[in-house]
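Trainee: Chains as they are written, first to last, in my numbering: chain Z, 1333 to 1679; chain L, 1333 to 1679; chain B, 1333 to 1679; chain D, 1333 to 1679.
For each residue, glycine too, the CB sits at the ideal point set by N, CA and C.
#1: Would you kindly check if the distance between the Cβ of residue 1478 of chain Z and the Cβ of residue 1616 of chain Z is under 8 Å?
#2: Curious, which full-length alpha helix (DSSP H) runs of at least 4 residues does the stretch 1449 to 1503 of chain Z contain?
#3: If you measure from the beta carbon of residue 1427 of chain B to each beta carbon in chain L, is any gap under 8 Å?
#4: Once the 5 residues before and after residue 1336 of chain L are set aside, which same chain residues still bring their CB inside 6 Å of it?
#5: Looking at chain E, is there any beta carbon in it that lies within less than 8 Å of the beta carbon of residue 1348 of chain D?
#6: Among B:1646, B:1652, B:1669, B:1628, whose alpha-carbon lies nearest the alpha-carbon of residue 1678 of chain B?
#7: Mind listing the chain B neighbours of residue 1356 of chain D? Cutoff is C-beta to C-beta under 7 Å, in chain order.
#8: Which whole-angstrom value is the C-beta distance of residue 1421 of chain L and residue 1392 of chain L, which I expect to be below 8 Å?
#9: If residue 1503 of chain L sits next to residue 1522 of chain L, beta carbons under 8 Å apart, how far is it from one beta carbon to the other, in whole angstroms?
#10: Give me the subset of the stretch 1612 to 1639 of chain Z whose CB atoms are less than 7 Å from a CB atom of chain L, sorted by chain position.
#11: Please go through the same chain and pick out, in chain order, the residues whose beta-carbon is closer than 6 Å to the beta-carbon of residue 1428 of chain Z, but skip the five residues on each side of it.
#12: Does the beta carbon of residue 1465 of chain L come closer than 8 Å to any beta carbon on chain B?
#13: Compare the C-beta of residue 1433 of chain D against all C-beta atoms of chain L and say whether one is closer than 8 Å.
#14: Taking a contact to mean a Cβ-Cβ separation below 8 Å, would you say residue 1537 of chain D touches residue 1375 of chain D in this structure?
#15: Rounded to the nearest angstrom, what separates residue 1344 of chain B and residue 1485 of chain D at their Cα positions?
#16: Work out the CA separation of residue 1561 of chain D and residue 1406 of chain Z for me, nearest whole Å.
#17: Taking the alpha-carbon of residue 1580 of chain B as reference, which of B:1649, B:1403, B:1481, B:1544 has the nearest alpha-carbon?
#18: Taking 8 Å as the threshold (beta carbon to beta carbon), is residue 1472 of chain Z in contact with chain L?
#19: Throw me the rounded Cβ distance for the residue 1383 of chain L and residue 1550 of chain L pair, which I believe falls under 8 Å.
#20: Note down, in chain order, every chain L residue with its Cβ under 8 Å from the Cβ of residue 1420 of chain D.
#21: Please tell me whether residue 1352 of chain B has its Cβ less than 8 Å away from any Cβ of chain D.
#22: Determine, for residue 1406 of chain D, whether the minimum Cβ-Cβ distance to residues of chain L falls below 8 Å.
#23: Can you give me the C-alpha to C-alpha distance between residue 1530 of chain L and residue 1499 of chain L, rounded to a whole angstrom?
#24: Would you report the Cα separation of residue 1467 of chain D and residue 1417 of chain D, rounded to the nearest angstrom?
#25: Along the stretch 1538 to 1563 of chain B, what residues have a CB closer than 7 Å to any CB found in chain D?
#26: Per DSSP, what kind of secondary structure is residue 1638 of chain D in: helix, strand or coil?
#27: Pick out the complete beta strand (DSSP E) segments inside the stretch 1498 to 1532 of chain L, 3 residues or longer, and give them in chain order.
#28: Considering only C-alpha positions, which residue in the set L:1619, L:1618, L:1634 is nearest to residue 1625 of chain L?
#29: Measuring straight from C-alpha to C-alpha, what distance separates residue 1351 of chain B and residue 1455 of chain B?
#30: With a Cβ-Cβ cutoff of 8 Å, do residue 1387 of chain B and residue 1573 of chain B count as a contact?
#31: Under 8 Å, Cβ to Cβ, is there at least one residue of chain L near residue 1423 of chain Z?
#32: Return the chain-ordered list of same chain residues with a C-beta closer than 7 Å to the C-beta of residue 1390 of chain L, the five sequence neighbours on each side being excluded.
#33: Buried or exposed for residue 1373 of chain D, going by 16 or more other Cβ atoms inside 10 Å?
#34: Check the Cβ of residue 1566 of chain B against every Cβ in chain L and list those closer than 8 Å, keeping chain order.
#35: So, for residue 1508 of chain L: in the same chain, excluding its five sequence neighbours on each side, which residues have a beta-carbon less than 6 Å away from its beta-carbon?
#36: Is residue 1338 of chain L buried or exposed, if buried means 16 or more other CB atoms sit within 10 Å of its CB?
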């Protein structure tokens, strides 16, 4: 009954098998092996276009180097005020972009509000050095609170970014969960909407350590090899990341694990809601479920061994005095019986 | 017959097994799992003292964050002029230490000359802001050219560093190869000599991706968790690195693979030298062998499928017109028959 | 009738005279001349304690290097969300502190709200690397909107900073205007309240270019000479800044010019308010006056040659449809007749 | 008898007069005043083309921001190994260029050797991320040891830079001294030779604080306003620098002061050499004279109140056991009688 986070899960057996399969023999280092090339081709197929792919070690690295690639002197990246890049990356995006800044933008349910984005950009008029200059926009898909931008919502953000000549980045630490939630193709959810750079996460969805930066227009990625190297993110045995992606993409494993995680989330939500045990704080769209539960019940479940986290209550969520807000995260490793056992515990 | 580099080898089967063994179940993320703690304890045992251990993704990261931990405003780290940190890390040490500088120091056979180190430090007199201030000294063990500092040589560098109040860093990307070459204990080769911080490399010696920063005095490591996070080097599924170290340390695998690699290097050197096929450019002490060979023979071997690299000829090495200098790197994966086949080819 | 900004004024004649007086002969460079030392002593006298003084070229530099001195890895400086360091310094504080971050804190009338400060600091729990770590608190005195923290208000902020072990910085670009407004001594407004570092501005109050960082405890300033040099802020002919301060402090010129500027501000406010021409958006306490005026009248005055700027209307200020909010800044160079002419124009 | 350095001199009276003349009235801040524009036009006239001009506070800032403008990720700037940017700027170029690196290149008499430059650049092959990438070349004119590149020597460096697509920077802290030494025009010594960016120094040659970055092709300077602001180098009362340049350029004052300084240097050299008191270490070409003198005589002169500095003896300069090498710097403020008095003292 572990719902603490999807990065508490280990590795999917198929990922381990792929790693073992590719562990033999010699292969050229630093991302130049045949396997590295093969996986890059798979990315191109999956995205239905020529893309540039850069493996890095963490989601924070993927986001930070994406921001670095698009940074300008005095530059500002706009992101949701509760985004991971602002709240949970220890200043890495600012540090690794050479002192770039992040500007928080408000918006309901973890998604940037287009009008608020316009207003924020307007604080940086052209050539006004005192404020600095807009450099990029970043959205999180799925968001920190388990919601997803639908395609039109991405279009709305993208058109503002394009109007101001700003590249659009997508933090896809949970890319697969959002993708299957929308039932869209990778192309439809990214470059067909105007997304220029993507942090493509595999770690939370069943890999050990498999994160990639995908630059939709390879011409714009020319400095990335140097940005990655100077940030100490170039793996020598790069093929071990490639091997994970080999297992991840084979027979659409990544879509299956994401669908499973989302389904387990829905099962949890429905089971608890229908039993009257809990209320949904908002409608989940991926693999993070936020529930309002009687504190006493939640504490009892935690003491009985369930793992999940309390969450700060947003202003627009009404929560009784004896209630608390709690986050439950599902993953490829969540089993139906875990969900049902939790539901029993919380009754 | 692949002697291109030790990072062309894959993973040792025991490392893969350890990874698979630890891939199941849930474990807390970001380096807080039981397995992470267990491996930290193993490091303490191996180094015979309480040490602080930080996993990072690359050797470049280990070196760069070590330099960051000891950096000062306007600070300078002294390293051999041919050291990996100066020549081969794409500016990462400078970038990740917030603009710190590296000052190359001369010395024979890849080792810093103590007198040259004294002279270099003297270029930065106390409180002379125009020059900047000394911040640390870094040595590479084994060195870029396969030589090793013996314990007295480390003492000599260490005493200069201590005299000037400078922390001493050891780049141990090939720590194990140097250790078994000296037949010393980890403690004897590091803190008993005055080494304060170590980049402890496991990747080249049989792991997929297992690099750790070892700070000998944990009190001096207090800022490292934040330095690591802001540099995007904190793995979420940190246990996958811990699992590799579990396999690495079990039954002294790491010492065995290093001894094997060094032995294969010696076999290669002796075989070629005794046959008169090649001359040693200098005496190898670890797993990198530098040989002077007739260019024609070397080319023929390369065409026949052998993999090794030509190397720039240092001033103090005499090389005939028809000869070239070549580097051969051995690893856990090098087999006796590969060495012998290469020897045959080069005859 | 120029009320555009106090940095539109030139130099006070006494400043020019001092500069000319000290322009002859040879003096050692880089802040080591007798005159430099003499001015440092004057700072000690003025602040009634031993302080460390560092001249820099701009107010932005003073703020940024103050932030750099107190920065930590992953560190965050807390400042009012409308503070100059956040809104108007083009990212210099972040860049020059090596990637430090600024966190905006709300509060009425340009002053940090203590409760909001506590809440903001609470977002960075001890050792929680994902958020980063608190590094310092910065207040602006006088604030961006012409208000002043009274001594108790500084105490309130200071006690929170101290409780969390955070150094307290004061951005005193308009230090003198605030000082005479409170009728306090420099000591009372700074270290007696717990201020640790001060950006002491002379430029806006009659100098050409005279900004100093004052560190109240010189022991904490040991790295500042190197921080200043690496930021390219060490003047070779440092005595030309010292000379300006010589003129600035002589016969309390600095207090007189500040009192004059504040008095001209009051005259403007009273004159317009009593005539019913304008309403004060809030009570001015220094040399920046914010008035709500009929747009038509304001436009007419601007066309007639008056210089002042429109200002964004804060949420809690009620402004009629035909009205606008405007900022008027007075300085040592503002004459009574300018104020009266403006009042006439706006009638 | 002060020959310590040209930055020990104060300000030329004409500079002070210009400052006083422009100290009255209001003028728009941050480099947008009429006077700022006027001086920019003068720069264009002097350089016989449209250039972009950016005032900064120090020569170190001019060099560092020039390097920042041309920096690339993992980038390296090539400069003479004894250049001011490498030896005397406390790491500012590296820090302010976001972690860029400086690579020292050898060469006789303070000038880069073209062959050594080619060899240094060759250490950074295209797309080889481990080394990093070449970003720019910087030459110092006049050099740190009082020598000057003649026009053909600049051509030689420039053609190498152009061949590799690298912008060429000139550190002109003593630009005027070099210019009159060559009897060339500013255009001939810079962009007609391929110089792309110039640190144009006025401080050492009679100003208080007047340094400018001159970008020969304004299209390449678009990011500089933001680079300058984020480095805290944008003066609010920018006109006080403009005013100094107004005095500097009026009636060719700058060329006269430079000619005078150089002439005083020659007088010193000739006077001492002809008297047999001293030997020239090398032929001076600007306003820094390096003489080999009996230590006893030098000490006596220093004790008698003369000011000049001992200098480390380069390998290729032969110096007797009882002799020392000494540097003498002349400036606009050096008088013939000072030179003669020194010559007397040293006899």
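Mentor: Checking against the coordinates, here is how it stands:
#1: yes
#2: 1483 to 1495
#3: no
#4: 1639
#5: You won't find chain E in this structure, because its protein chains are Z, L, B and D.
#6: B:1628
#7: 1342
#8: 5 Å
#9: Wrong, their Cβ atoms sit about 12 Å apart, outside the cutoff.
#10: none
#11: 1396, 1400, 1563
#12: yes
#13: yes
#14: no
#15: 48 Å
#16: 8 Å
#17: B:1544
#18: no
#19: 7 Å
#20: 1462, 1463
#21: yes
#22: yes
#23: 11 Å
#24: 15 Å
#25: 1540, 1541, 1558, 1561, 1562, 1563
#26: coil
#27: 1500 to 1504
#28: L:1634
#29: 49 Å
#30: yes
#31: yes
#32: 1543
#33: exposed
#34: 1461
#35: 1537, 1586, 1590
#36: buried
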